[in-house]
Every structure is written in C-alpha cells, then in structure tokens.
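See below for the structure under consideration.
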Amino acid sequence: MSGPAPVVDAARLADDLDAPPRGRRRERGALWAWVVVIIAITYFIVPLISTLEFSLRAAVKDPVTGEFIRPSLQAYTLVFNDPKFIDALLYSFRMALVTIAVSLLLLVPTAFWVRLKLPRLRPVVELVTLMPFVIPPVILVFGLIRTYSGQPFAIISTPLGADAVLVGAYVVLSFPYMYRAVDTGLASIDLRSLTEAAQSMGAGWPRILWSVIFPNLRSALLSGAFLTLAIVIGEYTIANFLVGTKPFGPYLSLLGQNKAYEPAAVSLISFGITWAAMLMILIVGRGGGRGRAPVTGAR
Amino acid sequence: MTVKATTAGIPGASPASRRFSWNWLGVVPFFAFAIAFMFLPITFLVVGSFQSAGQWTLANYIGLGDAYIQTAYRNSIILSAITAIGGGILGFLIAAALVLGRLPRALTAGMLTFSGVASNFAGVPLALAFVFTIGNNGLLTKLLDEHLGINIVTQAGFSLYSILGLAIVYMYFQLPLMILIIVPAIEGLRKDWREAALNLGATPRQYWRSIALPILMPTILGTIILLFGNAFGAQATAFQLTGGTIPIAPVVIGTQIRGDVLRNPGLGYAMAMGMVVIMGISIGLYSLLQRRAERWLRS
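Going line by line, the protein sequences match chains A and B. Under the numbering used here, the first residue of the first sequence is numbered 481, with each subsequent residue one higher. Under the numbering used here, the first residue of the second sequence is numbered 7, with each subsequent residue one higher.
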C-alpha cells in the first residue's frame with residue numbers, strides 16, 4: 481500500500497496478497513471464520529451498546545410543554561457540569577503524567593547505563609522490572625499502606641505523601657512494559673557509537689541522554705507513555721485504598737452506587753479514553769512489536 | 007571522567023577494569039525506587055505473615071486452613087481457571103479465524119486494534135457495562151424478557167453477581183489478551199510446513215493435529231496459564247460487582263486492608279503471601295513454556 485492507488489480497494493488488495501499463490505480464487509472468507517468472528521463481535525459490542533442506551537435514558541424536561549423527553553444527552557450534561565467529575569479526571573491525568581515522567585526518568589537512564597556499563601547486571605534489572613507480574617495491585621497496595629502508615633515512614637496521612645506513594649505504586653506497575661519498550665528501543669540503535677560520538681563532541685551524560693538517547697527512543701517511549709496513561713486513568717484498587725474517591729476510578733465506582741444514568745455516560749467516556757490512548761500508540765508506531773499486551777492493568 | 011569511562015566499558019578492551027569501579031552508582035536510583043515501592047512493602051507482608059503478637063510463628067499459615075479463606079481461594083481458582091481455559095480456547099478460535107479465515111483485512115485489523123483496547127478496558131467501567139447489559143435491569147435482560155419471554159434472572163436463575171456472572175465479565179479482558187498473544191504465533195506457522203504436509207498426503211485435519219497444534223501447544227498452554235494469573239490478581243471488577251458478597255481472594259484481602267475482617271492482621275499477610283505464591287507459580291510456568299515455544303516460532 482505504498483504508492484498512490486486510488487482505484488484499488490485497500491482491503492481487496494490485502495486479500496489478494498494474503499491469498500495462497502496457486503489458487504487465485506477470490507473468496508469472501510471461510511464460513512466458520514465469519515461465524516466465530518461475528519459471535520465474538522456480538523459479545524464485545526453488546527455491553528457497549530447497552531451502556532450507550534443506558535446513558536441516553538436520563539429524561540430532560542421540555543421547558544415549554546413540561547413533558548419528559550428521552551432519549552436525551554441529559555446524563556452527559558449532568559456529568560460535565562459536575563465539578564467532581566472534572567476534578568477526578570484532572571487528578572487522574574495529573575497522576576498519570578507524573579507517573580510517566582518519573583517512570584521515564586528512572587528507566588531510560590537505568591536501561592542505558594546497564595547496557596553500556598553493567599551488562600552483567602541486565603538480567604537482574606530485568607527480573608526486578610518483571611516482579612509486578614507476580615504482585616497483584618491489591619497486594620502491592622496492602623504492603624504500601626502497612627509500610628507507609630506506621631513509624632518510621634508515616635507519610636500516607638498527608639495528602640502529598642499519599643499522592644507520592646500512589647505515583648510510586650503506578651511507576652512500579654509501569655515497570656514491565658516501560659522497561660521492555662525502552663530496552664528494545666535501545667537494542668535497535670548503536671548505543672556505543674552514538675555515545676562515543678556525542679562524547680567526542682563534548683557532551684556530558686545528561687546531555688547524551690536528553691539530546692541523543694531520548695529522541696532515538698521516541699516512538700517506543702510514547703507507546704509506553706500512552707499505555708501508562710490508559711492504565712492509570714482507569715485504575716481503581718490502588719487509588720481507592722491510598723487516596724479514596726478523588727481519582728477517576730473510585731469516583732466512577734461511587735457514582736455507580738449512587739446514580740442511575742450518569743455512570744453509564746462516564747463508563748463510555750472512560751472507554752473512549754482507553755480507545756484514544758490505544759489509537760495514539762498505533763499512530764506513533766509500534767515500539768517493541770506486537771503481542772506486547774500488559775498483564776498488570778487496572779483489573 | 008567521561009572519556010575514560012567509555013573505554014573502560016568496552017568489553018575486551020579493559021586491561022585495568024579489575025580496579026574498583028563507580029559504575030554501579032548509575033543504577034542506585036532504580037534499585038532504591040524498587041526497594042521503596044516494591045521490596046520494602048512486600049518484605050513488610052512477609053515478615054508480618056510469620057509473626058503473631060510480636061512472636062515468630064507459623065500459626066498464620068496454619069490459619070489459612072480456615073473455611074472462609076479456603077472458600078475464597080477456591081472461588082478465585084475456579085473463576086480464574088474457567089476464564090483462563092474458556093478464554094484460551096475461544097480466544098484461539100477467534101485468532102485462528104482472524105489469521106486463517108481469509109476475512110477482509112479491515113475486519114482483521116479492526117479486531118486486533120479492538121483487542122488492544124479491550125484488554126485494557128477493565129475494572130469499574132467494565133463491571134458497570136455488564137450491569138447495564140445483563141444486570142437485573144440490563145438491556146439484554148429486558149429484551150430477552152419482553153421478546154422471548156425468558157427472564158434470565160427470575161426464571162433461569164442467572165445472576166451477574168455470581169461466579170458465572172463474573173466469569174462472563176472477565177472474558178471481556180481475557181479473550182483479547184489471548185488473541186493478542188496467539189495471533190503472532192499462528193502467523194508464525196510457516197506456509198511451507200503446511201504445503202510439505204499436504205504434498206506428503208496429509209489431510210488438513212492431520213496437518214493441524216500432528217503439526218500445527220503441537221507446535222502451538224506450548225504457546226497456547228503458556229498463555230492459558232498467563233490468563234489464569236491475569237484473572238487471579240484482578241480485584242476492581244469483582245469488587246465493583248459483588249461488593250464482597252462472594253468471597254474471592256483479592257476481594258477478601260481488600261476488605262482486610264480496610265477493616266481487618268479476618269480479625270487477625272497476620273492472617274491477612276499470610277493470605278496475601280498465598281496469592282503471591284500462586285501468581286509466582288503461574289508466571290514461572292508461563293515463562294518456562296514461552297521459552298519452549300520460541301524454539302519453533304522464530305519468525
């Protein structure tokens with residue numbers, strides 16, 4: 481699909497390319513495959529349709545006739561006029577941005593340094609970054625609360641301290657895929673030559689990292705960043721135990737217990753944010769190959 | 007320092023590198039962070055699990071034999087196993103349909119992108135979406151009742167707030183994860199293997215049974231185990247749906263964090279350790295099988 485081919489249907493072209501070389505039969509796909517995929521699509525899409533339908537059920541009163549009109553966008557109007565919704569969304573966005581910044585500042589120099597200077601340490605660092613696979617979020621937050629609520633490090637009781645521990649937990653959650661993204665990114669560039677070239681031109685370590693390494697890893701880092709964003713925005717367990725209903729996940733949970741139609745609207749918005757983050761990952765390019773699905777999510 | 011440090015880092019070019027090196031300082035921030043937000047909290051739980059009233063003891067682990075805790079673990083294991091095996095088999099079918107079914111390229115690409123989104127769409131909004139679908143007042147529940155006269159809640163005795171209900175919801179993130187991991191594996195099956203088999207007189211069925219499935223089996227089994235861990239650690243979805251009415255290990259630990267429902271802090275720590283051990287075993291098995299899978303599928 482490289483050249484301009486306005487007449488050729490892209491999907492058909494792809495089909496032709498996929499077809500076995502000897503049979504030039506143009507098939508419309510195997511029947512069993514259609515059946516399987518249609519059932520799958522139904523399963524995936526019906527909950528979204530139901531949520532949409534629910535979110536439109538809130539009635540709005542016609543100011544002239546006094547009648548109730550539905551479907552309406554009333555639930556969305558209510559949500560967007562709810563300062564708590566805006567606050568929760570902004571808070572989670574802030575936490576996500578800080579998490580991404582800390583995670584990158586921690587992992588890029590570490591992965592760079594280990595590849596360049598301490599290759600024997602690489603398996604150890606890798607193992608540490610994979611640890612969150614074994615520690616479910618509920619266990620992590622359990623340990624964090626017990627560690628940071630008692631002496632000598634009782635910092636959870638202050639808002640700033642609780643936020644700091646929350647970010648710390650999210651950075652840990654981001655370790656597996658962020659480190660993998662950074663490390664595969666580093667593997668694809670000639671680290672030693674780039675570093676030596678920069679050094680011979682007089683650059684120090686911070687300058688090398690900032691002006692040479694970071695730009696070369698851009699698409700890998702952006703993928704990791706958007707994945708982190710998607711996970712942090714919807715996260716419930718850690719957020720709820722550390723800072724209560726302030727973040728987006730716990731806010732939605734509370735809303736779900738108290739209101740009828742607004743939760744449906746907010747759930748769809750949440751789904752939209754996840755979509756947007758995933759599309760951004762596709763747009764910035766695959767940094768680290770396919771099948772790199774994270775297991776440590778906000779489940 | 008800069009130039010000297012570079013030459014010392016080149017393997018084979020380091021006659022004097024036995025001297026003490028300050029290179030390890032570069033990884034101190036990473037390890038300090040990992041200790042503060044991962045190892046220290048986990049150590050706290052480990053130590054706590056072996057203590058009771060300030061004394062070292064194994065009583066907490068013996069206490070795991072308690073009927074309530076056993077039920078919680080059993081429910082968790084059943085839920086995770088059902089959704090792992092079910093998600094594994096159905097996810098494999100969907101992946102096979104996408105790769106081998108000669109479906110339109112756009113549909114295949116769309117499904118894969120959607121899988122990326124859905125594997126990250128979990129927790130509170132997912133739970134709510136299913137409440138709107140097959141909850142007691144859900145859209146599908148009502149439609150089935152009005153048009154087919156089947157009330158799945160009152161007549162069929164279905165409850166979303168049961169293990170079966172949770173399993174249906176968990177599939178929403180289990181299936182996509184299976185699809186994302188298994189699609190590249192199926193794509194890695196070389197066309198010449200199939201052609202060689204068919205030229206030697208094998209039927210497509212024989213090719214699948216004797217060649218393709220044995221090659222894919224380590225990946226399939228490994229991913230099913232990964233799915234087990236994925237469901238086993240999930241807390242938010244189950245908590246939002248059941249509110250703790252069905253004892254499931256991560257949910258029980260959640261309530262233990264809040265208010266010591268087990269009436270014994272040490273028992274809570276031991277239960278958390280039990281979860282970490284089960285997660286550790288499943289992730290360990292997964293990486294073992296994955297290493298075995300890589301032998302064939304190097305594409």
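For glycine and all other residues, C-beta sits at the position ideal for the given N, C-alpha and C. For clarity, every value in this text was computed on a predicted model and none was experimentally measured.
query: Would you please state the rounded distance, in angstroms, between the beta carbons of methionine 760 (chain A) and threonine 119 (chain B)? I believe it to be under 8 Å.; result: Contact flag wrong, Cβ pair sits at about 12 Å.
query: Determine the direct distance from the alpha carbon of glutamate 201 (chain B) to that of glycine 648 (chain A), and round the result to whole angstroms.; result: 53 Å
query: Relative to the C-alpha of glycine 194 (chain B), which candidate in B:Tyr178, B:Thr225, B:Ala173, B:Ile91 has its C-alpha closest?; result: B:Thr225
query: Note down, in chain order, all residues in the region 622–640 of chain A with a beta-carbon under 7 Å from any beta-carbon belonging to chain B.; result: Phe622, Gly623, Leu624, Ile625, Arg626, Thr627
query: Quick check on serine 691 (chain A) - is its C-beta less than 8 Å from some C-beta in chain B?; result: no
query: Of all the options A:Trp512, A:Arg698, A:Ala710, A:Val652, which has the alpha carbon lying nearest to the alpha carbon of leucine 106 (chain B)?; result: A:Trp512
query: Please go through the same chain and pick out, in chain order, the residues whose beta-carbon is closer than 6 Å to the beta-carbon of glutamine 319 (chain B), but skip the five residues on each side of it.; result: What the structure shows of chain B is the stretch from 7 to 305, and residue 319 (chain B) is not part of that stretch, so it cannot be assessed.
query: Is it a yes or a no for the region 743–755 of chain A touching the region 665–674 of chain A, going by three-plus beta-carbon pairs under 8 Å?; result: no
query: Measure the beta-carbon distance from valine 257 (chain B) to phenylalanine 245 (chain B) and round it to whole angstroms, keeping in mind my assumption that it falls under 8 Å.; result: 5 Å
query: Is it a yes or a no for the region 169–178 of chain B touching the region 204–215 of chain B, going by three-plus beta-carbon pairs under 8 Å?; result: no
query: If you count every other CB in all the chains shown that lies within 10 Å of the CB of arginine 301 (chain B), and 16 or more means buried, which is it?; result: exposed
query: Where does tryptophan 593 (chain A) land, buried or exposed, given buried means 16+ other C-beta within 10 angstroms?; result: buried
query: Touching or not, the region 706–716 of chain A and the region 510–525 of chain A, by the rule of three or more beta carbon pairs under 8 Å?; result: no
query: Would you kindly check if the distance between the Cβ of proline 656 (chain A) and the Cβ of threonine 609 (chain A) is under 8 Å?; result: yes
query: Under the rule that 16 or more other beta-carbon atoms within 10 Å means buried, what is arginine 504 (chain A), buried or exposed?; result: Here arginine 504 (chain A) scores only 42 on pLDDT, less than 50, and its place in the model is too uncertain to base an answer on.
query: Measuring only between beta-carbons, confirm whether proline 35 (chain B) sits less than 8 Å from chain A.; result: yes
query: Can you name, in chain order, every residue of its own chain whose Cβ lies under 6 Å from the Cβ of arginine 502 (chain A), other than the five neighbours on each side?; result: Caution applies to arginine 502 (chain A), whose pLDDT of 44 falls short of 50 and renders its modelled position unreliable; the value that the coordinates give is listed next. There are no such residues.
query: Nearest by alpha-carbon distance to serine 673 (chain A): which of A:Phe633, A:Phe560, A:Ile693, A:Leu732 is it?; result: A:Ile693
query: Is it the case that the Cβ atoms of alanine 642 (chain A) and leucine 722 (chain A) are separated by a distance below 8 Å?; result: yes
query: Valine 105 (chain B) lies in the alpha helix (DSSP H); which residues open and close that run?; result: 73–106
query: Looking only at its own chain, which residues have a Cβ that is under 6 Å from the Cβ of leucine 295 (chain B), when we skip the five neighbours before and after it?; result: Pro224, Leu227, Gly228
query: Excluding the five sequence neighbours on either side, which residues of its own chain have a C-beta within less than 6 Å of the C-beta of valine 267 (chain B), listed in chain order?; result: Thr261
query: If you reduce the DSSP assignment to three classes, tell me which class valine 692 (chain A) lands in.; result: helix
query: Using a C-beta to C-beta distance shorter than 8 Å, which residues of chain A count as neighbours of threonine 119 (chain B)?; result: Met758, Leu759, Leu762
query: Going by the CB atoms, is the gap between alanine 242 (chain B) and glycine 129 (chain B) shorter than 8 Å?; result: yes
query: Decide yes or no for the touch test of the region 41–52 of chain B against the region 619–637 of chain A: beta carbon pairs closer than 8 Å, at least 3 of them.; result: yes
query: Can you pull the DSSP bridge partners for isoleucine 549 (chain A)?; result: A:Val540
query: So if I threshold CB-CB distances at 8 Å, which residues from the region 532–546 of chain A count as touching chain B?; result: Glu533, Phe534
query: Fully enclosed by the region 228–265 of chain B, which alpha helix (DSSP H) runs are 4 residues long or longer?; result: 242–248, 255–265
query: Using a Cβ-Cβ distance cut-off of 8 Å, determine whether proline 110 (chain B) contacts chain A.; result: yes
query: Any C-beta of chain A within less than 7 Å: which residues of the region 129–153 of chain B qualify?; result: Gly129, Val130, Pro131, Leu134, Ala135, Phe136, Phe138, Thr139, Gly144, Leu145, Leu146
query: Ignore the nearest five residues each way along the sequence and tell me which others in glycine 765 (chain A)'s own chain have a CB closer than 6 Å to its CB.; result: Ser699
query: Chain B beta carbons: is any one of them nearer than 8 Å to that of serine 673 (chain A)?; result: no
query: What residues in the region 210–229 of chain B bring their beta carbon closer than 7 Å to a beta carbon of chain A?; result: none
query: Which chain A residues sit within Cβ distance under 9 Å of isoleucine 259 (chain B)?; result: Pro616, Val618, Ile619, Phe622
query: Does any residue of chain A have a CB that is nearer than 8 Å to the CB of tryptophan 30 (chain B)?; result: yes
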